[in-house]
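So the protein sequences, as listed, match chains A and B.
Reminder that position 58 of the first sequence reads as 1290 in the working numbering, one-by-one numbering, no gaps.
Reminder that position 88 of the second sequence reads as 99 in the working numbering, one-by-one numbering, no gaps.
I have placed the structure first, in the form of structure tokens, so that the comments after it can refer back to it.
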Amino acid sequence: SQQGEEDPQALSIQEGENATMNCSYKTSINNLQWYRQNSGRGLVHLILIRSNEREKHSGRLRVTLDTSKKSSSLLITASRAADTASYFCSETSGSRLTFGEGTQLTVNP
Amino acid sequence: GAGVSQSPRYKVAKRGQDVALRCDPISGHVSLFWYQQALGQGPEFLTYFQNEAQLDKSGLPSDRFFAERPEGSVSTLKIQRTQQEDSAVYLCASSLMWGVGSPLHFGNGTRLTVT
Chain A
1233 SQQGEEDPQA LSIQEGENAT MNCSYKTSIN NLQWYRQNSG RGLVHLILIR SNEREKHSGR
1293 LRVTLDTSKK SSSLLITASR AADTASYFCS ETSGSRLTFG EGTQLTVNP
Chain B
12 GAGVSQSPRY KVAKRGQDVA LRCDPISGHV SLFWYQQALG QGPEFLTYFQ NEAQLDKSGL
72 PSDRFFAERP EGSVSTLKIQ RTQQEDSAVY LCASSLMWGV GSPLHFGNGT RLTVT
């Protein structure tokens, strides 16, 4: 079964706005990763945050991690139409990386 | 450099046929994963290799599914006697060395349709 649940399932915003996606997970993690998937393509790694980190930045991306609440958030600032994709959080637990159901982000030009 | 390559890109099989899906990982990547992704869902783990050793196959849904990586590079996922519920996108991913936080690099997948 999948671990990690993204919220919301779908998000539609205007170009230039910020987009925030949340993820909850169930197990004790080594790290948590966020991936993006464009329609018909494979997943692309965005950012990794370790269990002892609370916040991490990469360009227009900001990820936070709250291990006490077993939750993470991904913020995309100043969104662009090209950011339209599905976004997945993933837990590293043991030998596998498990994914949630994803958030479908639509950025309208 | 070249990324993860999967072939074929699309496969249509009649129910009961056997299929073989190929994955060429990034050169030098030790770890290789197979995932199954149903429409509108997240990828579901199938199996994991470290070099030629299949260390975890607990995600394979039935004994009709078989994966191999005999020389620690190219991997093949075989599905015997395909059923309609096998219709999905099969994603392959490789990683330099799993367990030390290196990210997964995914191919674009093989879309399998069983009719």
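A virtual CB, placed ideally from N, CA and C, is assigned to each residue, including glycine.
Rounding to the nearest angstrom, what Cα-Cα distance links residue i and residue j in this structure?
| i | j | result |
| --- | --- | --- |
| Ser1290 (chain A) | Ile1279 (chain A) | 7 Å |
| Ser1244 (chain A) | Val1339 (chain A) | 6 Å |
| Arg37 (chain B) | Gln52 (chain B) | Going by the sequence as given, residue 37 (chain B) is Ile instead of Arg. Taking the straight line from one Cα to the other gives about 26 Å. |
| Leu32 (chain B) | Thr1316 (chain A) | 29 Å |
| Gly14 (chain B) | His1277 (chain A) | 13 Å |
| Arg1273 (chain A) | Pro19 (chain B) | 14 Å |
| Ser1237 (chain A) | Glu1285 (chain A) | In the sequence as displayed, the identity of residue 1237 (chain A) is Glu instead of Ser. One C-alpha to the other measures close to 20 Å. |
| Gly70 (chain B) | Leu1306 (chain A) | 28 Å |
| Glu1249 (chain A) | Asn119 (chain B) | 29 Å |
| Cys34 (chain B) | Val85 (chain B) | 6 Å |
| Asp1239 (chain A) | Ser1304 (chain A) | 10 Å |
| Thr124 (chain B) | Cys103 (chain B) | 17 Å |
| Cys1255 (chain A) | Cys1321 (chain A) | 6 Å |
| Gln48 (chain B) | Ser1300 (chain A) | 30 Å |
| Ala1242 (chain A) | Lys89 (chain B) | 34 Å |
| Asn1263 (chain A) | Leu1337 (chain A) | 24 Å |
| Thr126 (chain B) | Gln94 (chain B) | 8 Å |
| Ile1281 (chain A) | Leu43 (chain B) | 22 Å |
| Arg1292 (chain A) | Pro72 (chain B) | 39 Å |
| Leu1329 (chain A) | Tyr1267 (chain A) | 11 Å |
| Gly27 (chain B) | Pro114 (chain B) | 36 Å |
| Asp97 (chain B) | Ser16 (chain B) | 21 Å |
If distances are taken between C-alpha atoms only, which option among the options comes closest to residue i?
| i | options | result |
| --- | --- | --- |
| Phe60 (chain B) | B:Gly83, B:Val100, B:Tyr21 and B:Gly70 | B:Gly83 |
| Tyr46 (chain B) | B:Val125, B:Arg80 and B:Lys68 | B:Lys68 |
| Arg1294 (chain A) | A:Met1253, A:Thr1316, A:Thr1324 and A:Gln1336 | A:Met1253 |
| Gly1334 (chain A) | A:Ser1271, A:Asn1263, A:Gly1248 and A:Glu1247 | A:Ser1271 |
| Asp1298 (chain A) | A:Glu1247, A:Pro1240 and A:Ser1260 | A:Ser1260 |
| Arg175 (chain B) | B:Gln94, B:Glu63, B:Glu96 and B:Ile90 | The shown model of chain B, from 12 to 126, leaves out residue 175 (chain B), and the question about it has no answer. |
| Tyr101 (chain B) | B:Ser113, B:Met108 and B:Thr87 | B:Thr87 |
| Ala1251 (chain A) | A:Lys1258, A:Ile1308 and A:Arg1292 | A:Ile1308 |
| Arg122 (chain B) | B:His116, B:Pro54 and B:Trp109 | B:Pro54 |
| Ser1318 (chain A) | A:Gly1332, A:Ser1327 and A:Thr1324 | A:Gly1332 |
Determine the extent of the beta strand (DSSP E) in which residue i is found, giving its start and end residues.
| i | result |
| --- | --- |
| Arg1268 (chain A) | Asn1263 to Gln1269 |
| Arg26 (chain B) | Neither: Arg26 (chain B) is in no beta strand (DSSP E) and is coded neither H nor E. |
| Ile1308 (chain A) | Ser1303 to Ile1308 |
| Trp45 (chain B) | Ser42 to Gln48 |
| Thr126 (chain B) | Note, Thr126 (chain B): premise wrong, no beta strand (DSSP E); not H, not E. |
| Gln65 (chain B) | Ala64 to Asp67 |
| Val1276 (chain A) | Leu1275 to Arg1282 |
| Asn1254 (chain A) | Ala1251 to Ser1256 |
| Thr87 (chain B) | Ser86 to Ile90 |
| Glu79 (chain B) | Phe76 to Glu79 |
| Leu71 (chain B) | Counting along the chain, Leu71 (chain B) falls outside any beta strand (DSSP E), and DSSP gives it neither H nor E. |
Can you pull the DSSP bridge partners for residue i?
| i | result |
| --- | --- |
| Gln52 (chain B) | Gln52 (chain B) pairs with nothing; no bridge assigned. |
| Leu1297 (chain A) | A:Ser1304 |
| Leu115 (chain B) | Paired residue(s): none; Leu115 (chain B) is not in a bridge. |
| Leu1243 (chain A) | A:Leu1337 |
| Thr1324 (chain A) | A:Leu1329 |
| Asp35 (chain B) | B:Ser16 |
| Glu1177 (chain A) | The first residue shown for chain A is 1233 and the last is 1341, placing residue 1177 (chain A) beyond what the model contains. |
| Ser1318 (chain A) | A:Gln1269 and A:Gln1336 |
| Thr58 (chain B) | B:Trp45 |
| Ala104 (chain B) | B:Phe44 and B:Phe117 |
Residues of chain C with CB under 9 Å from residue i, in chain order?
| i | result |
| --- | --- |
| Glu1287 (chain A) | Among the chains of the structure shown, chain C does not appear; the protein chains present are A and B. |
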